[in-house]
Amino acid sequence: MILLLSTSDTDLLSARASGADYRLGNPARLGVADLPALLDGVDVVIVRLLGGRRAWEEGLDALLAGPRPVVVLGGEQAPDAELMECSTVPVGVVAEAHSYLAHGGADNLRELFHFLSDTLLLTGEGFAKPAQLAAWGPLERTARRTEGPKVGILYYRAHHIAGNTAFVEALASAVEDAGGQAVPVYCASLRTAPQDLLDVLGTVDTLVVTVLAAGGTRPADASAGGDEDAWDVGALAALDIPILQGLCLTSSRETWAESDDGLSPLDTATQVAVPEFDGRIITVPFSFKEQDKDGLSVYVADAERAARVAGIAVKHATLRHVPPAERKVALMLSAYPTKHARIGNAVGLDTPASAIKLLTAMKDAGYTVGDLPGVATEDGDALIHALIEAGGQDPNWLTEKQLSGNPVRISAAEYRTWYDTLPADLRESMEEHWGPAPGSLFVDHSNDPEGEIVLAALQADNVVLIVQPPRGFGENPVAIYHDPDLPPSHHYLAAYRWVAGSFGAHAMIHLGKHGNLEWLPGKNLGMSASCGTDAALGDMPLIYPFLVNDPGEGTQAKRRAHATLVDHLVPPMARAESYGDLARLEQLLDEHSNIAAMDPAKLPAIRAQIWTLIQAAKLDHDLGMEDRPHDAEFDDFLLHVDGWLCEIKDVQIRDGLHTLGDAPTGPARVNLVNSMLRARQMWGGKASALPGLREALGLAEDGSEARVKVDEIDALALSLIEAMETRDWSVDAADQVTRDVLGAENEAVTEVLTFAAVEVVPRLARTTDEITHVLHALEGGYVPAGPSGSPLRGLVNVLPTGRNFYSVDPKAIPSRLAWETGSAMAESLVARYKTDTGEYPRSVGLSVWGTSAMRTAGDDIAEVLALMGVRPVWDEASRRVSGLEVIPLAELGRPRIDVTVRISGFFRDAFPHVVYLLDDAVRLVAALDESEEDNYVRAHVLADNDKDERRATTRIFGSKPGAYGAGLLPLIDSHNWRDDSDLAEVYAVWGGFAYGRDLDGAAAREDMESAYKRIAVAAKNVDSREHDIADSDDYYQYHGGMVATVRALTGRAPAAYIGDSTRPESVRTRSLEEETNRVFRSRVVNPRWIEAMRRHGYKGAFELAATVDYLFGYDATTGVVADWMYDKLAQTYALDPENRKFLTESNPWALHGIAERLLEAAERKMWAEPDPATLQQLQELYLQVEGDIEAGSE
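FYI, in my numbering the residues of the sequence shown are 1068 to 2261.
This is the structure in structure tokens:
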């Protein structure tokens, strides 16, 4: 008898099928104590391990110490020399045994038995040589359909030869039930797919793949800034069909069903994150590993989930068979908060203009697009106004007339028929919160006594423009305090059901970052039928234009809503420059410099003018000055002013919004290229492969240079780029342009300009792919994959846009470069706090998001580790993190800082193993034999002596399993809060769940609050110049929420810091007040930005209103907005005649919202002492706009 112990269940199944006298076991499920029983009566042992000797070291050692011959082999196709050397039989025997197993199958396993019997036991049975099996082939089955779109199903040869194919048959049958033809094919690997296999795959309309990624083995090499040739899916991409990942989990169905996570960290990496590099569409689990009667693992399909995978595949395949004139498409615009002022929420994108561009392109491509207001005239305002006039979903403005008049509706009876097919647990949850179907939300009874659910939509022949239904917290405000996992409403599901059923859409487009579909409650990954996202979307193909620099939230849509992303360019960027009082101050500084040199007698007068202007413009707040400096100190003060002014005017701000498919040209291209070339370029996997252009011109980009020099060099850089623009970016012109502009040769400058001409500008020219690839996805074509990240951070290879972006290898977080950046950020934070207080911070609270972790490859993670004095250990071969090591105190040079982390819901989903890594780091440091003054983590754990070790070391907190967000956006938008206690209550209800080993989202509010009470510094990092803290609600929800919670718990506000790693080589730490002032001066009230927003009509007005809301939220949570800021917002946004006219015409709801928010700030005493005249003007404006809007809707 031979004992075969293999971590490959396929080996075990093949051995059983061989009929030979094997005893079988899987080391992954065995311990040393199991071996005696297994070894009884055994003559020879074969051990085959995936993961090397360490994967089962104790068990292997026990076998090798015994009397029986042991053959030790690796689990890969290639021989593992290190494991083979462990064998106790001749090397030739080991090599031949490997060959039998590498070829696999029942016949080879039978001959392996005979081979070992003859060579080791001398039985003389005779044996055949290892037989080469076909690299690929079809699953022999009787097809039930010979018509309909063809769906290929690709599975491993190993499953085929082991007879483990029932799960493939189940999926094939589901495809046939869904109306398609199934073409199941096995293969050894996609990385070396033979041409004849590709020829067969070329006959199908879509492909469901269950094998590993095809493009390579080291995804870390192919991420943003990496080697573009490191991942090659050329042959697969050439099929030009949608490629779907069918998830065959390594867990049982029961484990998956009971799990909030859905997928294990291993399955997340191998079946989701890495296949995304191939451009695959992520579906749902349809097959699970179960134990059969012999204790062997077999794949067993779930019929309902197989039907979902099949349905998605057939729907994608069908797109290739429906002519454009007959193809129906729903174009969905998100809207949150649910306000008329905020329709078309899409970061960095002019949503109305993009919708018109897309609809026009569809019409040109033969789609039957009816008459929609504004499309023919390219008037985005007209399109959105018509959508609002049809009703919308803003309860403040929706009239009974609009509700009863909108023809886009679904009857209660039709909805109930579908609703009754949903799982009982989902229906029970919905009815608990929303009542029996159809509920009461947007239900009209004027035509049907049972009711009709009315949708915010405009239908025009085969196209419908629809506003995404509200998430529900505004309509159910009590849930904000109690139910972060509020299920979708009947109205929500009805909207998606109408699109799929009554309208009959073949595909749906969600326009821009981001909607709320992918954030509905349910499993983190690997959706079930009870998950809100799955119930709403069903089988519908979803195409999702998405901002290229936001890998996290885009990835969420890919993984929870089977979205095909088509990434789009960042908005136009430009230098803030000076304006108004800042320009006058700059002029006075220059005059002071001249007078000091030429006429010192006039210095007192010019200094008086400077100080008067500083006070009048409230700049003394920014500069941290309460009193005028003495004359002896004035020159030093002016150096401070000069540096501050330089920093403000040198900020990169958005100079407008992007329109889908519009490649930047002229001044917009000049400014964007100038912004991109500021950064050191990460190219071909090499950090700082090229210097920034200004750096090449001699500028130190660390904030140390004088304003005049920065201005001079920036002007030179702009002149160089303008000169290249006039020469149409000819590569040959770079050297001559350098000499013409600089008057001399500069090799570094020429190299940067050449790089821009060869790589940057041609990629920007392909921005037109954004529209082209959306249309190609609608045709059932393949959208090429590409990396994601910020092109302004030196990551040019995230361009061209128009690709289905992927993110990072989750096991390679943090990267080595991220460790350098994160370590520097940790030291910068500690140094800033020590400067401010004279002490080290004993505990830091840090908000960590999945998007940032993906965009930077883990800067924030590295900072957490560095604060605690722990560093990652990397595996050199894979570049993945393999462990941790403690930094000795002597090397660290300071105490180990305790860190409490508030992770986002997406971080929890995407990086479960990083959560464990951080948790391991805390427990590692807590267990060190060090003094409490050297180790604050240990000190705090010892102080929590009333808790067990697990609770005392809990430092990672996040959203309730299956839920997302921090809760403060819906709370503040509801106006249903009074003070810090309410803010802290919601923050704790939404975020008081512990993560780490053996925790996995356990309710832990008490432990969270205990950790928060210790927080001395609440920090949030900014890593991209395309964003700032006043252009997203997430900053105030997470960072502001942390500050408010600490203040509510302790009665004191922690120090609030913003870390800036937009230039990784020169990180900065600013106070929240400094950062708010910087953003406010450089963008919020900058005429350049305001004018840029005016160019975008309705959506530009949306951006102004959103900025006011976000500043209000930060002030509510941190008190960071000063009275003069509110006054400036009132004068600049609401009361300025030109801006008021713009808002009134393009988005009067935004003007009303701005006035309402400012008045609320005054009412809550956040705007402590508003000028009475200003307040009266705002009140009059508020009432006038309200009256005008109501009159217009009658």
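Note that the Cβ used here is the ideal one computed from N, Cα and C, for glycine as well.
For clarity, every value in this text was computed on a predicted model and none was experimentally measured.
When the beta-carbon positions are compared, Ile2023 and Tyr2062 come within less than 9 Å of each other. Distance from the CA atom of Gly1313 to the CA atom of Val1278, rounded to whole angstroms, is 9 Å. Spanning the alpha carbons of Ile1954 and Tyr2105 requires a straight line of approximately 30 Å. Residue pairing from DSSP places Arg2137 in a beta bridge opposite Ile2125. In the three-state reduction of the DSSP assignment, Ser1597 falls in the coil class, being assigned neither a helical nor a strand state. Residues of the same chain with a CB within less than 6 Å of the CB of Ser1496, apart from the 5 flanking positions on each side, are Pro1554 in chain order. Residues Leu2038 and Leu2050 of the same chain have their beta carbon placed closer than 7 Å to that of Trp2044, with the five preceding and five following residues left out of the count. Pairing Ser1471 with Asp1438 gives a Cβ-Cβ distance that is not under 9 Å. Shown here, Ala1104 sits in a helix according to DSSP, grouped into three states.
Taking Cys1153 as the centre and dropping the five residues before and after it, the same chain places the C-beta of Arg1120, Leu1127, Leu1131, Val1137 and Val1139 closer than 8 Å to its C-beta, in chain order.
Following the DSSP letters along the chain, one finds Cys1713 inside the alpha helix (DSSP H) bounded by residues Asp1698 to Lys1716.
Counting C-beta pairs closer than 8 Å gives three or more between the stretch 1336 to 1349 and the stretch 1277 to 1293, which meets the contact rule. The beta carbon of Leu1097 sits closer than 6 Å to none of the beta carbons in its chain outside the five residues before and after it. Gln1748: member of the beta strand (DSSP E) spanning Gln1748 to Trp1750, first to last residue.
Considered as a whole, the stretch 1196 to 1255 harbours 1203 to 1205, 1217 to 1223 and 1248 to 1254 as its complete beta strand (DSSP E) runs of no fewer than 3 residues, in chain order. Tyr2124 is the residue among Glu2205, Gly2118, Ala1195 and Tyr2124 whose C-alpha sits nearest the C-alpha of Tyr2103.
Counting along the chain, Thr1405 sits inside no alpha helix (DSSP H), nor does DSSP assign it H or E at all. Of the residues Leu1636, Asp1617, Pro1309 and Thr2129, the one whose Cα lies closest to the Cα of Val1827 is Leu1636. Beta-bridge analysis with DSSP links Pro1939 to Leu1951.
Considered as a whole, the stretch 2158 to 2190 harbours 2164 to 2185 as its complete alpha helix (DSSP H) runs of no fewer than 4 residues, in chain order.
A residue is called buried when at least 16 other Cβ atoms come within 10 angstroms of its Cβ; Pro1157 does not meet this threshold and is exposed. With respect to the 9 Å criterion, Met1640 and Leu1604 are not classified as neighbours on the basis of their beta carbons. Annotated three-state conformation of Ser1919 is helix, per DSSP. For Asn1871, the pairing in a beta bridge is given by DSSP as Ala1852. With respect to Ala2201, Ala2222 sits close: the two C-beta atoms are nearer than 9 Å.
Taking every protein chain shown into account, the CB of Gln1654 has fewer than 16 other CB atoms within 10 angstroms, so this residue is exposed.
Annotated three-state conformation of Pro1352 is strand, per DSSP.
By the neighbour-count criterion, in which 16 or more other beta carbons inside 10 Å mark a residue as buried, Asp1666 falls on the exposed side.
When secondary structure is reduced to three states using DSSP, Ala2070 falls in the strand class. Linking Phe1701 to Thr2129 through their CA atoms gives a straight-line distance of about 32 Å.
Annotation for Asp2095: no alpha helix (DSSP H) segment contains it, and DSSP assigns it neither H nor E. For the set Asp1185, Thr1839 and Pro1588, the Cα lying nearest the Cα of Lys1196 is the one of Asp1185.
Rounded to the nearest whole angstrom, the C-alpha separation of Leu1862 and Val1615 is 11 Å. Annotation for Ile1880: no beta strand (DSSP E) segment contains it, and DSSP assigns it neither H nor E.
In this structure, the beta-carbon distance from Tyr2181 to Ala2228 does not fall below 9 Å.
In this structure, the beta-carbon distance from Met2233 to Phe2169 does not fall below 9 Å.
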